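First the structure, in the form of structure tokens, and then the observations on it.
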Amino acid sequence: MSRLSQLHVKLNHSPSLLPIEDEVFLASELMTISIEEIIDDQALFFDILDQLETSHTTGLGYLNKSVAHRGVFARFAAFLDGLAVQLPSQSAWLAGTASAFRLTNHGNEAG
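Heads up: the sequence shown begins at 1 in the working numbering, then just goes up one per residue.
In structure tokens, the structure reads:
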């Protein structure tokens, strides 16, 4: 089973609104998956990404004040920007999603 498949199974056995620690875990794991695997299974990747973004914005994960968590989400947004270069047909969608994860970094200076 591919890593994307494993993450998808884990996500589908989780609540729709994930605890912030699960969001951080998924974002961190997605950043370690090769571009080749993402390209090979774009539908699965974008399903995971869509669920993660929904949890992050609807579940108020973007209001998290942890410096460590903000760092992960900033790196994840940059990862999505880089992925947009590799997948130009998805660049607008990826840019919007990256922006959602950048919300984490606005106005949260407390640790």
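The C-beta atom is built at its ideal place from N, Cα and C for all residues, glycine as well. All values derive from a computational prediction rather than experimental measurement.
Secondary structure at residue 34: coil, using DSSP grouped into helix, strand and coil. The three-state secondary structure of residue 66, taken from DSSP, is coil. In this structure, the CA atom of residue 99 is about 11 angstroms from the CA atom of residue 92. Per DSSP, the unbroken alpha helix (DSSP H) holding residue 99 starts and ends at 91–102. In this structure, the CA atom of residue 94 is about 6 angstroms from the CA atom of residue 84.
Residue range 3–12 is occupied by the alpha helix (DSSP H) that includes residue 5. Cβ contact annotation for residue 58 (same chain, cutoff 7 angstroms, sequence separation greater than five): 17, in chain order. If you draw a straight line from the Cα of residue 13 to the Cα of residue 78, it comes to about 28 angstroms.
Counting of Cβ neighbours within 10 angstroms places residue 20 among the buried residues, the total reaching 16 or more. Within the same chain, Cβ atoms closer than 6 angstroms to the Cβ of residue 86 are found at 35, the five residues on either side in sequence being excluded.
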